[in-house]
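These notes are about the structure you will find just below.
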Amino acid sequence: MEYNWLLILIPGLPLLGAALIAAGAQGRWNRSFLAALGCTAVFLAFVATVLVRLQYNAAAPFGSVHMPLWSWGVDGVGLGLLGDSISTWFALVVTGVGFLIHLYSAAYMADDPSYPRFFAKLNFFIFAMSVLVLADGFVGMLIGWANVGVASYLLIGFWHARPAAAAAAKKAYWVNTVGEIGLILGAIVMLQHFGSLYFADVLPQAWFAPQNVLNAVALLLLAGAVAKSAQLPLHVWLPDAMQGPTPVSALIHAATMVTAGVYLVVRAYPIFEAAPWGLPAVALVGIGSVLFGALAALGQNDIKRVLAFSTMSQVGYMMLGAGVGAYSAALFHFATHAFFKALLFLGAGVVIHRFGGEQDIRKMGGLGKSHPFAYWTFLIGTLALVGLPPLAGFYSKDAIVVGALMAGRPWLWALAVVGAGLTAFYMMRLFALVFTGDSPEVAAFQRGEGARQAAAAAEAGVGRSRPVPPLKMVPLVVLTLLSIVGGFFAMPDLSGVPGAAEGARLAAPPAHEAAVAGRVLTESSAATLTIALLLAVSVIGGGLALQRFGPKRAPQTAESGFVKAAGAGFYFDDFYRAVFVRPLRATAGFVGDVTEPHVIDGAVNGVARLAATLSGAVRRVQSGYVRRYALALMAGVAVVLIYFVLMV
Amino acid sequence: MPVDGSLRLILPEIIVAGTGLLALTAGLVSRRSRLPGFVSMLGLAAAAYFLLAEVAGETTQIWSGTVLVDGFSTLFKAVFLGIAALIALVSFDYIERNGLPAGEFHLLVLLATVGMMFMAGSLNLITIYIGLECLALASYALTGMLRGSAKSTEASLKYILIGAISSGVILFGMSLVFGVAGSVHLAEINAALAGGTPMLPVLLAGMVFLVAGLGVKMAAVPFHMWAPDVYHGAPAPVAAFLITASEAAAFAAALRIFLVGLPAIQEHWTTVFVALAVITMTFGNVTAIVQTNMRRMLAYSAVAQAGYVMVGLAVASERAVSAMIYYLIAYAFATIGAFAVVILLGRYHPAEDIADYRGLGRRAPLLALTLTVFMLSFIGIPPTAGFFGKFYLFQSAVAAGMPWLALIMVLNSMVSIPYYWGVVQTMYLREGETDAPLPAPAGVRWTAAIGLAATLILGLFPDQVVQLVSAVQVVPALLSGGL
Amino acid sequence: MDFDPTRVAFIVVSAIAVVSAFRVVTAAKIMHAALWLGLTFLMLAGVFLLMGAEFLAAAQVLIYVGAITTIILFGIMLSEAAEVRGRGAAPLPVRRDDASLFRRIVLPALAVLAFVGVMVVVYSQVSWPDAPAGLGGDTVRMIGRALFTDFIIPFELAAVLLLIALIGAIVIAVRDNGRREQG
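Chains A, B and C, in that order, give the protein sequences.
To convert, note that position 10 of the first sequence is 10 in this note's numbering; the numbers rise steadily by one, no gaps.
Counting from 1 along the second sequence, just add 648 to a position and that's the residue number in this note's numbering.
Counting from 1 along the third sequence, just add 1131 to a position and that's the residue number in this note's numbering.
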């Protein structure tokens, strides 16, 4: 018996939830009820996803669940849902982690006046993200892609009264628009060449398409992926996006949406593999982002910005995995990363609430003693991210790095190992600064800055050891468990995915073999070497960080030039501002002046209103504007005429 | 006049004109009542009935070739009738609120419609020109109807002056073409030019003047400068009428003149239209970004949209023509729907700034949602009608070997996102000064609902509509044998 | 070149038409402008006459010189606005600076020159066919016949056009005492 209709529920329920909550917020319904509605919708979507996944598993290895929704009568352009190995894998994480973060938000956002609005938008995001990953073609993917952009924009700017949040939302929007242009152009080229936008039509053909077409498509798609996944050089929006509420950062800007680029690359892997420039470009972007993100994270002092750059770096690993053909490893890392990064962000939310909204880690410390729960969850998240066995990150990251070696790219492999060391360093720095040493109140007391400050802090409720509410605790516990055991899950494979069968028939390229065999490789000698090296650099990096920033940390000294540069994200923002933003603004102002020097000001100011008689209007006309219009008209005629006189 | 049943074929036009006089009379009988509006809508419905029941399917020339009835003209006439009816529907409240003379308003709208119907329904340059003048004169008067508003008066004057120039330019162009081809009938012009173009420079000059004169009506850059002022200053329903119907009529006339009359020099006028299309869409979009006034933003958006439609003329294939018609229909519904909301907001915020839309998402949730759909359609986001309009135009450009033109279209659509999306953002994200709900009059509600339904239906069933549209031929079948 | 009285007459008449058209635009007083306009119309009638279009020339004199110019003059005289009538009010202030000189003189002159130049080039590139052998005298009858047979629909449509003009003029011009804020 077919349960294809279950697919509809995955995006459908959250959409319904969003609509109901929005309507309910109009009707001033009970806040808790609306929050519960939002959580329930996502939970049911998760259940539906599990059922679809089971059904897919039953149909494996070449099965998939397909549900056409709409066709516009244009050949190859339509919308449908497809549940296969990749999409159900993503959907599981999106709805599952999404549900946990919904729960957490119910407690975290409880004091916000726009509580229901938050849930409506969060539900809307789940809807959009499910459409993105479940779409059966590039049309649906684009629809989802645009809508997650909208949701991300709305949620970054959730506290739109804050100018920084509004600016961050705008920035994210613009960068993503750049990516969307790439994606749309890519879709156009594909439609032009393949005559269809369905995965099932395009991807199997990709192996046989001309190289220049493939190169163009791959690079255009990569532009979209780079923007959405905050990879070099379009990463600038992600750190600023941390202006959004912390659950949003956890869900959208760490666990799910930023991995859409990885999804795109893995989904369209026949194109990337067949295009000569495809995989190298992906790998290059990946490794660049790994190192850049890790280095920039070193210089950050805002807890969420550290995590943001860490996200960029980790997504870089996923891209690297996809770029060396280790698709399964990339998918695997996506899932484990979703677990521990969501955990870290939610933990960061607890920390931020504990310090009364303070996000500067230099002003934190000593949380380990007062908040053991936060301490342990955050520690496990950190270790999972660093990649200590047997935590989740160990398996997935190793699989990627090993994949790089197996694909015959030792340089990428070496750099990825270096990145792992850096990761350990910045994560342990973060952990040490926040959880070890003295709490800021104690530190202030010891510095002799007087009891007044401490008293003020105590009055503000800072430092009081409040129990973590269960709604916050449950997601943290679940995510902690997942971060521990997530590595034991079976890695997804690509069988049954559109384009895979044709690729396999074509004497599968070596990179592809590496992907399928990713798990087996842990036994080979290369893998052993990699694991040993990774562990060594991680321990060294983490140890150095602990020594420098741990309980016996030296007093803060002046920052070195490198740390300053890293803190400023290596001045990418300034570069874009100087090269794009300012010239564009100036152009827009110029255009405004040139094209519209004389707006009708009839009713705009009172003086003109007095002159609102026919003769007044005549005078204004006579004073020159209309004849300029006429002059422009005739000049246009003259230009065209002169063109023909000269050319014909 | 022979009683050969040919009068039957222009019965819709006659009904519309007669309805205009009835509406005027109704306005005299009971001033400022809704009667003229109802009369007008009834008349339009009757005309539409006769058009679809009696005229549709006929293809014939009557009265020495001064009137042509064919699928193309019938389709455009139906569009004009529909637009006029929607304008009548949306302006009930507006007329009352601003104390406009209802009878005269509807008379002028209806007679302008008659003019447009003849513009689309003839291959004779003289008929087309007089139809154009009917439209133009009625537009001037309609634009200046708000006599208490300096904006309106000024817009009307500017429109009259520029319109007079464009009229002269068109006539000059027609006379040059007549001088070369020796006929005012487009099919005969075509036949005369088919054997070669002896006086090419003069013919080209005539073509340029025709492009410029019609370009004024289409609001093509650089002939557009009247348009923002007029669309901004005119009464809102009139602005919607001009943006949709007047522009569509200009495109209908242009299709006939260039595709039927001047295919001999197609390479030349397509060159001009390519340039105009690119300049127009780019200029319109870039300028729209910096607008803070809703009406002005929509005005520049109209300029940009005209640029997109012009891509069809630049490509000039059968596919492009059906894409143009689809686009014009889709755009008309979305525009009138959007103007319904503008009219409602203008009632409470006469300045019509985009900032006045703050908090509309709460004050009028359904209308805000509707406006959002229209904005998405303007951008060209699926599954709205605007997407498929752009898509078909795009396809036709690619199929005609002009992928770069298609690319420019796409880039322009991207550029247009911020200003359309800005409205949506303002409605939902920015807090208004008040949360007081905005009650909407029935006419506004119905117009917005019809616009919404049409935008979605066109977007969900585009192939059916395109099949309908592509059955229509600019060059009527009865001529293609003789050409 | 042979002395051709028609050509000389044409040059004289059209030169006067151009000069007076220029004066319509540049005249400081609107009354003068209207009279120059009348002269322009008259000269155009002369051009028509020289081309053998007697009916058109007659219509031009009757309608444009007779009716339209007269109506314009009436309009000016009946106007209440002092600056329109030109009595008791200073002429419209004209700024005289370099920019205005450029805008008022140089730019229009350039535009006109460019336009004339282009049209001259266009016309000179073409070998014009010989003038048609005359329309056979009775142009009034021919025009009347064409108007009421072949061109009956445009003719009727012109009636609609006049109605629009009439109503439109009333709508715009009629005085509304209960004027109020609109927009």
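Think of the CB as a built atom: it goes at the ideal place given N, C-alpha and C, for glycine as much as any other residue.
Remember, it's a predicted structure, so these values are computed and weren't measured experimentally.
Three or more beta-carbon pairs separated by less than 8 angstroms link the segment 903–910 of chain B to the segment 957–977 of chain B, which places the two stretches in contact. Rounded to whole angstroms, B/GLU661 and B/ARG1010 show a C-alpha spacing of 44 angstroms. Chain B places a beta carbon closer than 8 angstroms to that of A/ILE181, counting this residue as a contact. The C-beta of A/ALA632 comes no closer than 8 angstroms to any C-beta of chain C. With its beta carbon at least 8 angstroms from every one in chain A, B/MET929 lies outside the interface. Chain A has a Cβ within less than 8 angstroms of the Cβ of C/LEU1238.
At a cut-off of 8 angstroms, the C-beta of A/VAL645 has a neighbouring C-beta in chain C.
DSSP, reduced to helix, strand and coil, places B/SER712 outside both helices and strands of the structure shown, so it counts as coil.
Residues of chain B whose Cβ lies closer than 8 angstroms to the Cβ of C/VAL1156 do not exist; the shortest such Cβ separation is about 13 angstroms. DSSP places B/ASN772 within a strand segment (E or B) once states are collapsed to three. The beta carbon of A/GLN547 sits closer than 8 angstroms to none of the beta carbons in its chain outside the five residues before and after it. In this structure, C/PHE1141 lies away from C/LEU1170, with their beta-carbon atoms at least 8 angstroms apart.
Under the Cβ criterion (8 angstroms, minimum of three pairs), the segment 695–710 of chain B does not count as touching the segment 1046–1066 of chain B. About 29 angstroms separates the CB atoms of A/ARG31 and A/LEU92; that is not less than 8 angstroms, and the two are not in contact.
Under the three-pair Cβ rule at 8 angstroms, the segment 859–873 of chain B counts as touching the segment 803–822 of chain B.
Listed along the chain, the chain A residues whose CB falls inside 9 angstroms of the CB of C/ALA1242 are LEU631, MET634, ALA635 and ALA638. When only Cα atoms are considered, B/SER1061 and B/ILE927 end up about 14 angstroms apart. Within chain B, the residues whose beta carbon sits less than 7 angstroms from that of A/GLN192 are VAL1046, listed in sequence order. Its Cα nearest to that of B/TYR807, the residue B/ALA882 stands out among B/LEU824, B/VAL850 and B/ALA882.
Measuring C-alpha to C-alpha distances from B/GLN914 to each of B/SER1025, B/VAL963 and B/VAL687 identifies B/VAL963 as the nearest.
Under DSSP, the beta-bridge partners assigned to A/SER71 are A/GLY78.
Rounded to whole angstroms, the separation of the alpha carbons of B/LEU669 and B/ALA733 is 16 angstroms.
In this structure, the alpha-carbon of B/LEU1017 lies about 21 angstroms from that of B/ILE735. The beta-carbon separation of A/GLY76 and A/LEU191, rounded to 6 angstroms, stays under the 8 angstroms limit for a contact.
Residue burial is scored here from C-beta neighbours: A/MET129 has at least 16 other C-beta atoms within 10 angstroms and is therefore classed as buried.
Scanning its chain for C-beta atoms nearer than 6 angstroms, with the 5 sequence neighbours on each side dropped, one finds around A/GLY299 the residues VAL563, ALA566 and GLY567, in chain order. Boundaries of the alpha helix (DSSP H) harbouring A/TRP89: 85–108, taken from the DSSP string. The alpha-carbon separation between A/TYR426 and B/TYR979 amounts to approximately 54 angstroms. Contact annotation for B/VAL715 against chain C: ILE1284 [CB-CB distance below 8 angstroms, chain order]. In this structure, B/ARG943 is the residue among B/LEU924, B/ALA954, B/ALA1101 and B/ARG943 with its C-alpha nearest to the C-alpha of B/LYS799.
Less than 8 angstroms divides the Cβ of A/PHE158 from the Cβ of A/PRO245. For the pair A/ALA329 and A/ALA399, the CB atoms are nearer than the 8 angstroms cut-off. Taking each of C/LEU1175, C/GLY1197 and C/LEU1294 in turn and checking the Cα distance to B/LEU672, the smallest one comes out for C/LEU1294. Assigned with DSSP and collapsed to three states, B/GLY675 falls in helix. Contact annotation: B/LEU1015 and B/ALA1096 have beta-carbon atoms nearer than 8 angstroms. Pairing B/THR1074 with B/PHE1039, the inter-Cα distance amounts to about 28 angstroms.
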